[in-house]
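*Asks:*
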């Protein structure tokens with residue numbers, strides 16, 4: 417496992433990366449175990465809600481509504497946050513966001529930061545930029561700490577170290593924290609993290625966070641978490657810098673009543689996560705004296721411009737779709753080549769790359785629909801996947817193999833004569849590939865070129881000697 | 506600094522322009538407001554249980570999270586505090602300004618938080634506070650920066666939290682809880698649902714990482 421960041425621009429195509437992941441039996445075992453546990457917990461706490469479907473519908477409508485008034489709500493958020501003593505910054509892309517955050521950290525007078533788990537900072541590879549500027553970033557979420565100390569990469573939106581088991585984590589802590597005697601019970605490992613980080617919480621003067629929700633009506637920010645590391649980073653430093661995608665805004669405070677029910681139950685299968693923090697600007701004598709929020713586009717407006725894919729922005733990053741996905745459950749997250757893995761990653765990542773990279777991801781799905789069923793804000797992921805496949809084909813031009821093949825098949829299906837000729841041709845063409853089994857039935861174990869995808873994992877039975885139509889016509893065609 | 510401010514200002518204009526182009530026009534307060542009012546909210550927004558059952562549900566959920574819970578009459582709070590501190594072996598507690606003095610038993614040291622440093626907070630045995638709202642369905646208690654609850658650091662750094670919840674502040678659903686909080690939405694607000702926890706290692710929920718690892722709640726009639 418390399419320590420380089422997950423970058424869709426340089427990552428190998430999904431089928432190639434997936435093949436490597438599939439060979440790692442330990443990884444697959446860890447991913448299967450973790451996703452099964454979360455899925456069972458989620459199912460239990462969702463089942464006890466008599467109004468779950470109504471909450472999902474409300475969640476969907478709130479998010480849809482927000483996107484249609486995004487300019488208004490962002491300006492309202494900025495106004496209210498500023499009034500409460502916060503400072504808002506805007507970043508068109510990842511480079512601009514990195515530049516702003518780095519400058520703000522330097523201006524805070526610190527060469528260290530404590531960080532709350534934030535997929536947005538992973539998206540823009542912030543830690544690397546900070547390091548290049550001579551700023552040391554400490555990840556404080558247990559899973560992110562495991563990733564950072566293990567020089568690894570996140571593989572899940574909510575539980576980034578889900579691909580590691582306790583023995584592997586123990587090895588990392590033993591080596592990196594210099595604790596030769598450490599045990600491998602989860603309690604021992606959490607204790608070690610507590611001791612390791614407490615000194616940093618009490619010392620480091622600048623904190624960096626993402627955001628779960630920005631509240632336009634009040635200018636407040638909401639972060640949900642489990643361990644209390646979030647509260648430490650939000651409360652103890654003198655300066656707090658929050659980076660949020662422009663999609664994170666919510667119209668009103670009341671809308672939290674929907675999101676705070678949907679998110680924890682979907683994400684970790686809990687009725688409520690241990691801690692939610694809500695703060696508005698700065699407050700005298702309580703928490704940081706300086707608060708910055710960076711509102712980042714980074715291609716989100718491109719997603720907004722595509723009417724059929726716009727719903728991607730409704731995502732609240734619960735990862736329920738990852739846990740439910742039969743493809744993710746086999747490959748784990750790294751094969752997606754992006755910090756956003758699984759079904760939501762398959763639609764979000766290529767769009768954040770403006771369809772220039774990660775073009776294989778919309779195909780990393782069997783379109784079974786499990787993701788749609790569990791999505792707390794009802795994003796129709798299969799629909800968006802098909803839309804994006806269409807875009808990929810169109811973008812690759814009318815001359816690419818898939819487009820030509822589909823066109824040819826369309827022409828064959830339109831004409832009976834061509835269809836019959838194609839069947840005859842198929843029987844002739846397959847002859848050299850067919851092998852007979854002990855029952856005398858013919859099987860094809862290898863197909864050439866693009867067709868090879870079909871025979872990679874299964875055999876294809878040879879075509880029958882006679883088609884139904886031929887058989888029917890031979891009988892005289894009167895059905896008796 | 507001057508050039509950076511300029512960059513941010515042009516980034517702002519550019520992002521707003523992109524948003525408006527993407528969705529075909531600018532939005533305004535009236536349109537946003539009337540549409541928001543019409544959003545479907547078919548979920549439960551009021552209590553369905555009797556009061557007695559709501560309080561029992563809260564206690565049940567808190568126990569479920571591994572908190573210790575006691576329910577006492579108003580006059581017995583101090584005695585209950587003494588017994589819980591005794592059981593946990595705690596002597597020196599930090600308290601926010603404005604906490605009801607009649608809740609504090611003799612024989613323990615209660616230090617009023619007047620801007621203690623994080624290092625000083627790290628040295629006390631625990632913290633004791635009141636609360637603004639408690640939500641039974643999710644077993645959540647909500648603190649805001651008001652008298653008797655105080656600033657966030659004081660309920661975070663110490664390893665033990667003893668929290669007093671008045672029955673009149675207990676609601677059944679999240680929606681009712683948010684409604685109670687709305688008038689003071691801009692105060693710093695912390696929801697806690699059980700002691701600090703993590704499930705980052707093999708999805709096993711274990712109690713106690715960075716926030717208080719031990720939590721006692723007294724529900725006062």
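Residue numbers (the working numbering), protein chains in the order written: chain A, 417 to 896; chain B, 506 to 726. Positions of the beta carbon are idealized from the N, C-alpha and C atoms, including for glycine.
Look up residue 562/A in the DSSP assignment and say whether it is helix, strand or coil.
*Replies:* In the first chain, the residue the question calls residue 562/A occupies position 146. When secondary structure is reduced to three states using DSSP, residue 562/A falls in the helix class.
*Asks:* Is residue 533/A helix, strand or coil by DSSP?
*Replies:* Looking up residue 533/A in the first chain gives position 117. In the three-state scheme derived from DSSP, where H, G and I count as helix and E and B as strand, residue 533/A is classed as coil.
*Asks:* Specify the secondary structure class of residue 626/A as computed by DSSP and reduced to three states.
*Replies:* By one-based count along the first chain, residue 626/A stands at place 210. Coil, per DSSP.
*Asks:* If distances are taken between C-alpha atoms only, which option among 650/B, 615/B and 577/B comes closest to residue 564/B?
*Replies:* Position 59 of the second chain, counted from the start, is the residue given in the question as residue 564/B. Residue 564/B has its Cα closest to that of 577/B, out of 650/B, 615/B and 577/B.
*Asks:* Alpha carbon to alpha carbon, how far is residue 556/A from residue 531/A?
*Replies:* Taking the first residue of the first chain as 1, we reach residue 556/A at position 140. Taking the first residue of the first chain as 1, we reach residue 531/A at position 115. If I take the Cα positions, the gap works out to 6 Å.
*Asks:* Any idea what DSSP makes of residue 715/B, helix, strand or coil?
*Replies:* Numbered from 1 along the second chain, position 210 holds the residue referred to as residue 715/B. Of the three classes helix, strand and coil, the one that applies to residue 715/B here is coil, per DSSP.
*Asks:* Kindly indicate if chain B contains any beta-carbon less than 8 Å away from that of residue 507/A.
*Replies:* Position 91 of the first chain holds residue 507/A. Closer than 8 Å to some Cβ of chain B, the Cβ of residue 507/A qualifies, so yes.
*Asks:* Taking Cβ-Cβ distances below 7 Å as the criterion, which residues of the segment 675 to 697 of chain B are in contact with chain A?
*Replies:* Taking a C-beta cut-off of 7 Å against chain A, the contacting residues of the segment 675 to 697 of chain B are 679, 680, 683, 687, 690, 691, 693, 694, 695, 696 and 697, listed in chain order.
*Asks:* For the segment 618 to 636 of chain B, list every residue whose C-beta sits within 7 Å of some C-beta in chain A, in sequence order.
*Replies:* 620, 623, 624 and 627
*Asks:* Could you check whether the Cβ of residue 541/B sits closer than 8 Å to any Cβ belonging to chain A?
*Replies:* Within the second chain, the letter at position 36 stands for residue 541/B. True, the Cβ-Cβ gap to chain A drops below 8 Å.
*Asks:* Are the CB atoms of residue 725/B and residue 517/B nearer to each other than 8 Å?
*Replies:* Residue mapping note: residue 725/B aligns to position 220 of the second chain, counting from 1. Residue mapping note: residue 517/B aligns to position 12 of the second chain, counting from 1. Cβ atoms of residue 725/B and residue 517/B: not closer than 8 Å.
*Asks:* The alpha helix (DSSP H) with residue 555/A in it runs from where to where?
*Replies:* Along the first chain, one-based indexing puts residue 555/A at 139. For residue 555/A, there is no enclosing alpha helix (DSSP H); the enclosing beta strand (DSSP E) covers residues 552 to 555.
*Asks:* Quick one: Cα of residue 562/A to Cα of residue 518/A, how far?
*Replies:* As a working mapping, residue 562/A is identified with position 146 in the first chain. As a working mapping, residue 518/A is identified with position 102 in the first chain. Between residue 562/A and residue 518/A, the C-alpha separation is close to 24 Å.
*Asks:* Which residue marks the beginning of the alpha helix (DSSP H) containing residue 560/B, and which one marks its end?
*Replies:* As a working note, residue 560/B is residue 55 in the second chain. Residues 556 to 569.
*Asks:* Run through DSSP, which three-state label would residue 457/A get?
*Replies:* Residue numbering aside, residue 457/A sits at position 41 when the first chain is read from its first letter. Per DSSP, reduced to three states, the secondary structure at residue 457/A is helical.
*Asks:* How many Å lie between residue 528/A and residue 537/A at the Cα?
*Replies:* Your numbering for residue 528/A matches position 112 in the first chain. Your numbering for residue 537/A matches position 121 in the first chain. Between residue 528/A and residue 537/A, the C-alpha separation is close to 16 Å.
*Asks:* DSSP three-state call for residue 655/A: helix, strand or coil?
*Replies:* Your numbering for residue 655/A matches position 239 in the first chain. Three-state result, residue 655/A: strand.
*Asks:* Relative to the alpha-carbon of residue 683/A, which residue among 802/A, 884/A and 736/A has its alpha-carbon at the smallest distance?
*Replies:* Numbered from 1 along the first chain, position 267 holds the residue referred to as residue 683/A. Nearest of 802/A, 884/A and 736/A to residue 683/A, Cα basis: 736/A.
*Asks:* What I want to know is whether the C-beta of residue 502/A ends up closer than 7 Å to one or more non-hydrogen atoms of the ligand HEM.
*Replies:* The ligand HEM is absent from the structure shown, which contains no ligands of any kind.
*Asks:* Identify, in the order they occur along the chain, each residue of the same chain with its Cβ nearer than 7 Å to the Cβ of residue 534/A, setting aside the five sequence neighbours on each side.
*Replies:* Along the first chain, read from residue 1 onward, the residue named residue 534/A stands at position 118. If we look at residue 534/A and ignore the five residues flanking it on each side, its Cβ neighbours are 625, 626 and 659.
*Asks:* If you run the structure through DSSP and keep just helix, strand and coil, what is residue 671/B?
*Replies:* Residue numbering aside, residue 671/B sits at position 166 when the second chain is read from its first letter. Strand at residue 671/B.
*Asks:* Going straight from the alpha carbon of residue 609/A to that of residue 658/B, what length do you get?
*Replies:* Here residue 609/A is taken as the residue at index 193 of the first chain, counted from 1. Here residue 658/B is taken as the residue at index 153 of the second chain, counted from 1. Their backbone Cα atoms lie some 20 Å apart in a straight line.
*Asks:* So, with DSSP's three-state summary, where would you put residue 655/B?
*Replies:* As a working mapping, residue 655/B is identified with position 150 in the second chain. If DSSP states are grouped into helix, strand and coil, residue 655/B belongs with coil.
*Asks:* For the beta strand (DSSP E) containing residue 468/A, name the first residue and the last one.
*Replies:* Your numbering for residue 468/A matches position 52 in the first chain. In the DSSP assignment, residue 468/A falls outside any beta strand (DSSP E) and lies within the alpha helix (DSSP H) extending over 468 to 484.
*Asks:* Assuming residue 673/B contacts residue 500/A under a Cβ cut-off of 8 Å, what Cβ separation, rounded to an integer in Å, is found between them?
*Replies:* Position 168 of the second chain, counted from the start, is the residue given in the question as residue 673/B. Position 84 of the first chain, counted from the start, is the residue given in the question as residue 500/A. Actually they do not touch by this definition, with Cβ atoms about 30 Å apart.
*Asks:* Pull up the distance between the alpha-carbon of residue 775/A and that of residue 749/A, whole angstroms please.
*Replies:* Counting from 1 along the first chain, the entry for residue 775/A is found at position 359. Counting from 1 along the first chain, the entry for residue 749/A is found at position 333. The straight-line gap from Cα to Cα measures roughly 16 Å.
*Asks:* With a CB to CB cut of under 8 Å and the five nearest residues on each side skipped, what residues in its chain are close to residue 510/A?
*Replies:* Your numbering for residue 510/A matches position 94 in the first chain. Within the same chain, 539, 540, 541, 712 and 714 come within 8 Å of residue 510/A by CB-CB distance, once the 5 residues on both sides are set aside.
*Asks:* Between which residues of its own chain and residue 647/B is the CB-CB distance below 6 Å, once the five residues before and five after are set aside?
*Replies:* As a first step, residue 647/B is located in the second chain; it is residue number 142 there, counting from the start. Here the set comprises 637, 638 and 696.
*Asks:* Using alpha carbons as the reference points, say which of 733/A, 520/A and 687/A lies closest to residue 655/A.
*Replies:* To locate residue 655/A, count along the first chain from 1; it is residue 239. The residue with the shortest Cα to Cα distance from residue 655/A is 520/A.
*Asks:* May I have the straight-line CA-CA distance separating residue 562/B from residue 644/B, to the nearest angstrom?
*Replies:* Walking along the second chain from the start, residue 562/B turns up at place 57. Walking along the second chain from the start, residue 644/B turns up at place 139. Each residue's alpha carbon lies about 8 Å from the other.
*Asks:* What residues from chain B crowd round residue 692/A, counting only those whose CB sits closer than 9 Å?
*Replies:* The residue you call residue 692/A lines up with position 276 of the first chain. Simply 645, 647, 694, 695, 696, 697 and 698.
*Asks:* Looking only at its chain, what residues have a beta carbon closer than 6 Å to the beta carbon of residue 821/A, apart from the 5 residues adjacent to it on each side?
*Replies:* Numbered from 1 along the first chain, position 405 holds the residue referred to as residue 821/A. Excluding residues within five positions, none has a Cβ falling inside 6 Å.
*Asks:* Taking the CB atoms as reference points, tell me whether residue 898/A and residue 695/A lie closer together than 8 Å.
*Replies:* Past the edges of chain A, shown from 417 to 896, lies residue 898/A, and the structure says nothing about it.
*Asks:* Under the DSSP definition of a beta bridge, which residues are partnered with residue 712/A?
*Replies:* Taking the first residue of the first chain as position 1, residue 712/A is located at position 296. Bridge partners of residue 712/A: 507/A and 661/A.
*Asks:* Buried or exposed, going by whether 16 or more other CB atoms sit within 10 Å of the CB of residue 884/A?
*Replies:* The count along the first chain starts at 1 and reaches residue 884/A at position 468. Exposed, by the Cβ-count rule.
*Asks:* Since residue 560/B meets chain A, which of its residues come closer than 8 Å, beta carbon to beta carbon?
*Replies:* The count along the second chain starts at 1 and reaches residue 560/B at position 55. Those within 8 Å of residue 560/B in chain A number zero; the least Cβ separation is about 17 Å.
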